[in-house]
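So the sequence lines, in the order shown, correspond to chains A and B.
Residues in the first sequence are numbered consecutively from 7, following my numbering.
Residues in the second sequence are numbered consecutively from 7, following my numbering.
Protein chains: 2
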Amino acid sequence: MPTPARTSLDAIVTAGRAILEAEGLPGLTMHRVADAVGVRPPSLYKRVSNRAALVRLIAEAAFDDLGQALERAATHGEPQADLHAIAVAFRAFARTQPQAYGLLFGPLPDDWRPDPAAYRRSLDVLLRVVGEVATLGRELEAARTVTAWAHGFVSMELAGAFRLGGDVDRAFAFGNERVVAAISERG
Amino acid sequence: MPTPARTSLDAIVTAGRAILEAEGLPGLTMHRVADAVGVRPPSLYKRVSNRAALVRLIAEAAFDDLGQALERAATHGEPQADLHAIAVAFRAFARTQPQAYGLLFGPLPDDWRPDPAAYRRSLDVLLRVVGEVATLGRELEAARTVTAWAHGFVSMELAGAFRLGGDVDRAFAFGNERVVAAISERG
DNA sequence: ACCTGAACACCGTTCAAGT
DNA sequence: ACCTGAACACCGTTCAAGT
């Protein structure tokens with residue numbers, strides 16, 4: 007005799023994201039998630055094969071959010087302006103979901119890492135806009151330079167690496183301007 | 007009646023670093039470290055207040071290594087050449103100790119983070135060399151731009167974010183050249 | 001002074017048994 | 001078909017008892 011489902015994959019991932027942001031990765035336990043969705047820990051394994059898979063699903067959901075935020079930022083019609091806005095949106099996203107952001111490019115065991123296709127999708131806008139300004143044949147290198155700078159800046163900021171003085175907002179604006187110019191054909 | 011010390015803080019940190027690189031952060035357990043230094047887990051707490059403190063000590067030791075590697079790279083006398091070499095050394099370090107590198111600027115709980123003074127020291131060379139080429143008053147912003155790019159590139163590479171095609175070495179060389187030029191007064 | 005065994009609270013995960 | 005309690009192996013950490 008079937009028992010009615012008492013939760014869903016969606017509810018589990020949503021609860022997991024909330025717990026992750028509130029308590030950090032160590033706080034994201036199967037017990038805690040089970041509690042949040044009103045079920046016993048073993049029941050989670052009906053929807054998710056293990057904790058690594060849950061973390062992966064959460065990261066992939068965050069990648070979707072990021073991709074949408076970047077898309078919304080690229081609406082100026084002018085590539086340089088779009089690139090600046092994309093970088094700003096990237097940083098804003100990281101500040102809204104700092105813990106989830108840490109899963110996107112952070113140092114994780116192999117089987118915790120999100121599907122590569124997820125970040126490819128989320129960074130697609132960037133590759134497209136960079137393609138409009140970069141030297142022919144250098145589009146991929148140029149996109150990787152911008153992404154690396156943006157991720158590096160944001161992750162170091164979140165890690166507290168910029169707490170030794172100076173105006174961090176100014177440093178971001180400086181880097182944004184210089185890096186975008188540097189990868190553009192007509193610097 | 008005193009018992010002779012059977013291990014030391016140094017042995018613990020050294021063993022911890024080896025275990026970290028071999029098995030990753032989840033494999034760095036107090037039990038595993040105790041085994042490696044020939045002692046029972048509770049004895050570790052005589053030298054180290056908890057696992058977070060051990061991770062911090064390991065990260066700080068890695069920061070020392072990094073600082074030395076960067077110092078050794080900056081011996082050209084010509085700032086632009088030094089900057090390129092520093093970035094190359096930075097990447098080489100991350101590849102030699104990928105797990106420890108992940109602790110330096112990675113997303114960690116607050117009480118796991120290395121002392122800010124540690125990375126300040128390790129990145130001191132960079133600030134000094136950047137100071138020789140950057141626009142007056144923009145030295146800190148310029149240094150943060152280079153560091154952000156280098157860390158971003160290296161961490162994304164380690165995270166497997168650059169596995170979708172293209173020549174990663176070429177992308178690194180491209181970014182290195184463009185970013186160094188971008189923060190220099192006379193681009 | 002340092003080391004240990006025993007113990008506690010807490011994990012992730014499996015599985016037989018329930019409905 | 002989904003849920004649960006019980007169980008297992010494994011953590012970090014504390015502490016009284018040993019030398």
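Backbone N, C-alpha and C define an ideal beta-carbon position, used for all residues, glycine too.
Fair warning: this is a prediction, and the values are worked out from it, not measured in the lab.
Item, Value
"Please return the same chain residues whose Cβ sits closer than 6 angstroms to the Cβ of A/Y107, not counting the five positions on each side in sequence.", "A100"
"Under 6 angstroms: does the beta carbon of B/A187 sit that close to some heavy atom of the ligand SAH?", "In the structure shown, the ligand SAH is absent, as is every other ligand, since no ligand is present at all."
"Is there a C-beta anywhere in chain B that falls below 7 angstroms from the one on A/P120?", "no"
"Output, in chain order, the set of chain A residues within a Cβ distance shorter than 9 angstroms of B/T153.", "G158, F159, M162 and A167"
"Mind checking if A/R101 is an interface residue toward chain B, Cβ cutoff 7 angstroms exclusive?", "no"
"Just verifying my parser: in three-state terms, what is the DSSP assignment at B/G193?", "Annotation note: pLDDT 49 at B/G193 (below 50); position unreliable, no value reported."
"Using 8 angstroms for Cβ pairs, my map puts B/A40 next to B/P47. What's the rounded Cβ distance?", "4 angstroms"
"Can A/L76 and A/V135 be called in contact, C-beta distance under 7 angstroms?", "no"
"Let me check one thing: in DSSP terms, what residues is B/A140 bridge-paired to?", "B/S190"
"Is any beta-carbon of chain A found at less than 7 angstroms from that of B/L170?", "yes"
"Give me, in chain order, the residues of the same chain whose beta-carbon lies closer than 8 angstroms to that of A/A58; leave out the 5 immediate sequence neighbours on both sides.", "P115, D117 and W118"
"Using a threshold of 7 angstroms, state whether the C-beta atoms of A/Y125 and A/F69 are closer than that.", "yes"
"How would you list, in chain order, the residues of chain B whose beta-carbon sits under 8 angstroms from the beta-carbon of A/E147?", "G172, R176, A177, F180 and G181"
"Does chain A have any CB closer than 7 angstroms to the CB of B/R23?", "no"
"Please list, in chain order, all residues of the same chain as A/M36 whose beta carbon is under 7 angstroms from its beta carbon, the five residues on each side excluded.", "P47, L50 and R57"
"Judging by CA-CA distance, which residue of B/G172, B/A165 and B/A140 is the nearest neighbour of A/F180?", "B/A140"
"If I follow the unbroken alpha helix (DSSP H) through B/W118, where does it start and stop?", "No alpha helix (DSSP H) holds B/W118; DSSP gives it neither H nor E."
"Leaving aside the five residues before and after A/T153 along the sequence, list all residues of the same chain whose C-beta is less than 7 angstroms from its C-beta, in chain order.", "L129 and L132"
"Name, please, each residue of chain B whose Cβ falls closer than 8 angstroms to the Cβ of A/G137.", "Within 8 angstroms Cβ-Cβ: nothing; A/G137 doesn't reach chain B, min ~13 angstroms."
"Check the Cβ-Cβ distances between B/F111 and every residue of chain A, and say whether any is below 7 angstroms.", "yes"
"Shortest alpha-carbon distance to A/L34 belongs to which of A/I64, A/T151, A/L15 and A/A98?", "A/I64"
"CA-CA distance, A/L142 and A/R176?", "31 angstroms"
"Suppose you measure from the CA of B/L110 to the CA of A/P10; what does that come to, to the nearest Å?", "47 angstroms"
"For B/L63, which of helix, strand or coil comes out of DSSP?", "helix"
"Please go through the same chain and pick out, in chain order, the residues whose beta-carbon is closer than 8 angstroms to the beta-carbon of A/I78, but skip the five residues on each side of it.", "The residue asked about is misnamed: residue 78 of chain A is Arg in this sequence, not Ile. For A/R78, where only same-chain residues beyond five positions count, the Cβ hits under 8 angstroms are A95."
"Between A/L26 and B/R62, what straight-line distance do the alpha-carbon atoms span, to the nearest angstrom?", "22 angstroms"
"Determine the closest residue to B/I204 out of B/E66, B/E147 and B/G44, with distance taken between C-alpha atoms.", "What is shown of chain B runs 7 to 193, which leaves residue 204 of chain B out entirely."
"Does the beta carbon of B/G108 come closer than 7 angstroms to any beta carbon on chain A?", "yes"
"Show which residues of chain B have a CB atom less than 8 angstroms away from the CB atom of A/Y51.", "Residues of chain B passing the Cβ test: none, with the nearest at roughly 19 angstroms."
"Using CA coordinates, which residue listed in B/Q86, B/V19, B/R144 and B/A80 is at the minimum distance from B/R182?", "First, the amino acid is wrong: residue 182 of chain B is Asn here, not Arg. Closest by alpha carbon: B/Q86."
"Classify A/L164 as buried or exposed, calling it buried when 16 or more other Cβ atoms lie within 10 Å of its own Cβ.", "buried"
"Spatial neighbours of B/Q105 within its chain, please: CB distance less than 7 angstroms, with the 5 preceding and 5 following residues excluded, ordered by chain position.", "L26, E27, G30 and L31"
"For B/Y125, does the three-state DSSP call read helix, strand or coil?", "helix"
"Alpha carbon to alpha carbon, how far is B/I92 from B/E84? Give it in angstroms, no decimals.", "12 angstroms"
"Leaving out five residues on either side along the sequence, give the residues of the same chain with a beta carbon under 7 angstroms from the beta carbon of B/E138.", "P85"
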